[in-house]
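Structure first, commentary second.
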Amino acid sequence: MKELKTIIESALGSCKKEGLLLLDETPEIIFETPKQAEHGDLSTNVAMLLAKAEKKAPRKVAEDIAAKIPVPSAVLTSVSVAGPGFINFKINPLYLLNVLHEIYKKNEDYGSLDFGGGKKVQVEFVSANPTGPLHVGHGRGAVYGDSLARLLSKAGFKVTKEYYLNDAGVQMQTLGKSVWLRMKELGGEKVEFPENCYQGGYIKDIAKEVLALRPRAMTIESEDDFISFCGKYAGEKIHNEIVKDLEDCGVTHEVFFYESTLHKKGKVQAAMEFLEKNGDAYEKEGAVWFRSTKYGDEKDRVLKKSDGTYTYFAADIAYHKDKFDRGFDKVIDVWGADHAGHVPRMKAAIAAIGHNPKDFDAVLIQLVNLMRGGELISMSTRSAQYETLRSLLDEVGKDVCRYFFLMRSHEAQLDFDIELAKSQTMENPVYYIQYAHARISSVFAKAVETGIKLKFSNKIDLNLLNLPDEAQLAKFLGEYPSVIKESAARLEPHRISFYLLELARKFQSYYTKGKKEQAYRFLSDNKELTAAKCYLLKNIQIVLKNGLTLLGLEAPDRMESKDEL
RNA sequence: GGGCCCAUAGCUCAGCGGAUAGAGCUCCUGCCUUCUAAGCAGGAUGUCGCAGGUUCGAUUCCUGCUGGGCCCGCCA
Numbered sequence: 019m020k021e022l023k024t025i026i027e028s029a030l031g032s033c034k035k036e037g038l039l040l041l042d043e044t045p046e047i048i049f050e051t052p053k054q055a056e057h058g059d060l061s062t063n064v065a066m067l068l069a070k071a072e073k074k075a076p077r078k079v080a081e082d083i084a085a086k087i088p089v090p091s092a093v094l095t096s097v098s099v100a101g102p103g104f105i106n107f108k109i110n111p112l113y114l115l116n117v118l119h120e121i122y123k124k125n126e127d128y129g130s131l132d133f134g135g136g137k138k139v140q141v142e143f144v145s146a147n148p149t150g151p152l153h154v155g156h157g158r159g160a161v162y163g164d165s166l167a168r169l170l171s172k173a174g175f176k177v178t179k180e181y182y183l184n185d186a187g188v189q190m191q192t193l194g195k196s197v198w199l200r201m202k203e204l205g206g207e208k209v210e211f212p213e214n215c216y217q218g219g220y221i222k223d224i225a226k227e228v229l230a231l232r233p234r235a236m237t238i239e240s241e242d243d244f245i246s247f248c249g250k251y252a253g254e255k256i257h258n259e260i261v262k263d264l265e266d267c268g269v270t271h272e273v274f275f276y277e278s279t280l281h282k283k284g285k286v287q288a289a290m291e292f293l294e295k296n297g298d299a300y301e302k303e304g305a306v307w308f309r310s311t312k313y314g315d316e317k318d319r320v321l322k323k324s325d326g327t328y329t330y331f332a333a334d335i336a337y338h339k340d341k342f343d344r345g346f347d348k349v350i351d352v353w354g355a356d357h358a359g360h361v362p363r364m365k366a367a368i369a370a371i372g373h374n375p376k377d378f379d380a381v382l383i384q385l386v387n388l389m390r391g392g393e394l395i396s397m398s399t400r401s402a403q404y405e406t407l408r409s410l411l412d413e414v415g416k417d418v419c420r421y422f423f424l425m426r427s428h429e430a431q432l433d434f435d436i437e438l439a440k441s442q443t444m445e446n447p448v449y450y451i452q453y454a455h456a457r458i459s460s461v462f463a464k465a466v467e468t469g470i471k472l473k474f475s476n477k478i479d480l481n482l483l484n485l486p487d488e489a490q491l492a493k494f495l496g497e498y499p500s501v502i503k504e505s506a507a508r509l510e511p512h513r514i515s516f517y518l519l520e521l522a523r524k525f526q527s528y529y530t531k532g533k534k535e536q537a538y539r540f541l542s543d544n545k546e547l548t549a550a551k552c553y554l555l556k557n558i559q560i561v562l563k564n565g566l567t568l569l570g571l572e573a574p575d576r577m578e579s580k581d582e583l
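Convert by adding 18 to the 1-based position in the first sequence; the result is the number in our numbering.
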């Protein structure tokens, strides 16, 4: 609405010139779509913002401004003042419809912005340790991170998706030991299986594999060597399965970063030295501490334990230093809500390694409560059938899974009811949105079938789209870029879900009117009119597909019938 | 005890400085000879957790409180 902004600015200018307004400061002009349709297509609150400085009643200010706005024009059909001092506008339908040419021309690039200015952003997400399969909580973070990356990239950032693997430290050791113990069990030995070892059934499967692969290794090799082999084998195997799970979820990463490389290249030590040099690290009680309190953390944190090994946090500092060293302007970590307590120390660390903590965002993803028909499924026990992302994917499928993870704000806990997810009703809106897309394809198929040639071009006469729904649909399509911008700025891909739902709803309503009113039929004997209507449909479809792609969902040309599922 | 998140219709949730607070589910009433009824139209339902404060204006921002979740390790 650049033109409208210019119109307001020039109206303000006239008011100042005639002495109606002082305008010592120019206010920010913001437009919004009124909730009530009777209030027009757009409104602005500038008059209310100005009222105080002008020492005038907001309504009076609004009226003065409104009087200087010429109507009707190519942009506006009417201006009015209402409520406490809103200036409401009715937009010329033809002006609204013009956006269709822009959408059609840009197609899949419609909604692409330079908001990010080409800044390099890294999104690190999932980063689950290869000690067991992904659970549904990981799934939410995975889908969120993936969609966020798509969104930021659409908004003009240069995005790298990264996965950090803890392949060093005690975990891999424990994993190896778990496998080794299960192997001994398989060999008929009675073993005490410690609580801190990995309990899952997948460990036994891996044990069987290793046994088949190297049946005599256990007797030949030293215990330490063999446990370390088991750990490495299991880690790789589990990691591969994680990657497969993610792929089936439509989630991919460009970089897999191994913690071990930090140690090998001496980067952890280098980071420690960096902190020490600046007086941000000190020794106490046989350990080395990070002076995180200096940067606002509530207490100092251990970097190097008294046994001489580094903490996870120390490696994490080195890792984040490495991220910035690689030239990222902005670093986003997607964490589970249980890591909330780590944010202050990480922010402190970012500051200590010489970067602005504002360039580091830790997005916390709240819990997923997995349910079935209203009953909570326990997440803590092994017996929980749907604990893993894999089993959820197998049962509800990729699109439903992703949509459910993206239909809520990431900072609110999510109730994921498998029964609802499987139902094909409005409780599961993913089908509704896809249905809108498919329906449009279906109309086109019908057109072809009845011998209508579909030709989309900017030669289409938009004047023919004279139904109110048509201008309103065009207006809504025109809002898509601002939805992208807002979603990207707030790191909230769920806003796209809501936008798409509303677009689908508007389309369905428009479509259904054709059942009753001939004027609403898309396909008719009037070639030009049919072409214009199909052009609008094409544009709706472009935006639907565009948004679905951001969410990582399919945009089908036809829906499978209910009975087939 | 401290920190973070949540609290909006019977249920699941949007909105996050503006005009009569929205959507879906649920409950009623209609709508398939004609582009997919996985759909549409209409109706019903709210002290926006409580109490203060900032503001011309607060569900939205701030403070306190209450209730629920997560976290507070020389674990990762």
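Just so it is clear, CB atoms sit at the ideal spot from N, CA and C, and this is done for glycine as well.
Unbroken alpha helix (DSSP H) run spanning residue i, endpoints
i      : result
Asn258 : Glu241 to Asp266
Ile105 : No alpha helix (DSSP H) holds Ile105; the beta strand (DSSP E) holding it covers Phe104 to Ile109.
Leu231 : Gly219 to Leu231
Phe462 : Pro447 to Glu467
Met236 : Ala235 to Ile238
Extent of the continuous beta strand (DSSP E) to which residue i belongs
i     : result
Ser61 : Leu60 to Thr62
Thr95 : Leu94 to Ala100
Simplified DSSP assignment, three categories, for residue i
i      : result
Glu27  : helix
Gly142 : In the sequence as presented, Gly is not what sits at residue 142; that position holds Glu. Three-state DSSP puts Glu142 in a strand.
Asp435 : strand
Lys339 : helix
Asp127 : helix
Asn481 : helix
Phe494 : helix
Asp581 : Note on Asp581: pLDDT 48, under 50, position unreliable in the model; the coordinate value appears next. Correct three-state label for Asp581: helix.
Arg344 : coil
Leu569 : helix
Leu474 : A small correction: the amino acid at residue 474 is Phe; Leu does not occupy that position in the sequence shown. DSSP places Phe474 in coil when its eight states are reduced to three.
Asp315 : coil
Gly157 : helix
Lys73  : coil
Tyr627 : Given that the chain is displayed from residue 19 to residue 583, the structure contains no residue 627 and the question cannot be resolved.
Asp487 : helix
Lys86  : coil
Ile121 : helix
Lys53  : coil
Gly354 : strand
Leu321 : strand
Spatially closest choice to residue i from the options, by CA coordinates
i      : options                           : result
Asp543 : Tyr251, Ala465 and Phe342         : Ala465
Leu321 : Asp315, Phe331, Gly314 and Leu115 : Phe331
Thr95  : Glu81, Ala80 and Leu112           : Leu112
Gly496 : Thr443, Tyr122 and Asp479         : Tyr122
Gly155 : Val117, Ile558, Ala430 and Tyr128 : Ala430
Thr44  : Gly58, Ser28, Glu301 and Ala55    : Ser28
Lys53  : Leu41, Gly101 and Thr270          : Gly101
Met190 : Phe244, Glu46 and Ala305          : Phe244
Ile335 : Gly345, Arg319 and Ser324         : Arg319
Tyr251 : Lys226, Ile478, Asp132 and Glu81  : Lys226
Asn125 : Ala573, Lys556 and Met577         : Lys556
Trp198 : Pro212, Asp185, Leu569 and Ala439 : Pro212
Thr406 : Leu424, Met425 and Val386         : Val386
Ala463 : Val64, Pro76, Cys552 and Phe247   : Cys552
Check: residue i C-beta below 7 Å from any heavy atom of the ligand NAD
i      : result
Glu437 : For the structure depicted, the ligand NAD is absent and the ligand set is empty, with no information on it obtainable.
If we count Cβ pairs, one from each stretch, closer than 8 Å, do we get three or more for the region 386 to 395 versus the region 363 to 377? no
inquiry  = Which complete alpha helix (DSSP H) runs does the region 367 to 415 hold, if anything under 4 residues is left out?
reply    = 407 to 414
(Q) Taking 8 Å as the cut-off, does the region 553 to 567 touch the region 515 to 525 (at least 3 CB pairs, one atom from each stretch)? (A) yes
Margin query: My parser needs the alpha helix (DSSP H) runs of 4 or more residues fully inside the region 499 to 564; what are they?
Written below: 512 to 531
- At 4 residues or longer, and completely inside the region 263 to 313: list those alpha helix (DSSP H) runs for me, N to C. The region 263 to 313 contains these whole alpha helix (DSSP H) runs: 277 to 282 and 285 to 295.
- Item | Sufficient close CB pairs (3 or more, under 8 Å) joining the region 471 to 489 to the region 439 to 457 | no
Curious, which full-length beta strand (DSSP E) runs of at least 3 residues does the region 164 to 213 contain? Here the runs fully enclosed are 176 to 183.
**Message:** Is it the case that the region 129 to 141 contacts the region 232 to 244, given that we only count it when at least three CB pairs across the two stretches are under 8 Å?
**Reply:** no
Review point. Touch check for the region 520 to 537 and the region 174 to 186: three-plus C-beta pairs under 8 Å?
Key: no
**Request:** Mind the definition here: the region 159 to 173 touches the region 342 to 360 only if three or more C-beta pairs lie below 8 Å; say whether that holds.
**Result:** yes
message = Does the region 80 to 95 come into contact with the region 23 to 42, if we say contact requires no fewer than three beta-carbon pairs (one atom in each stretch) closer than 8 Å?
response = yes
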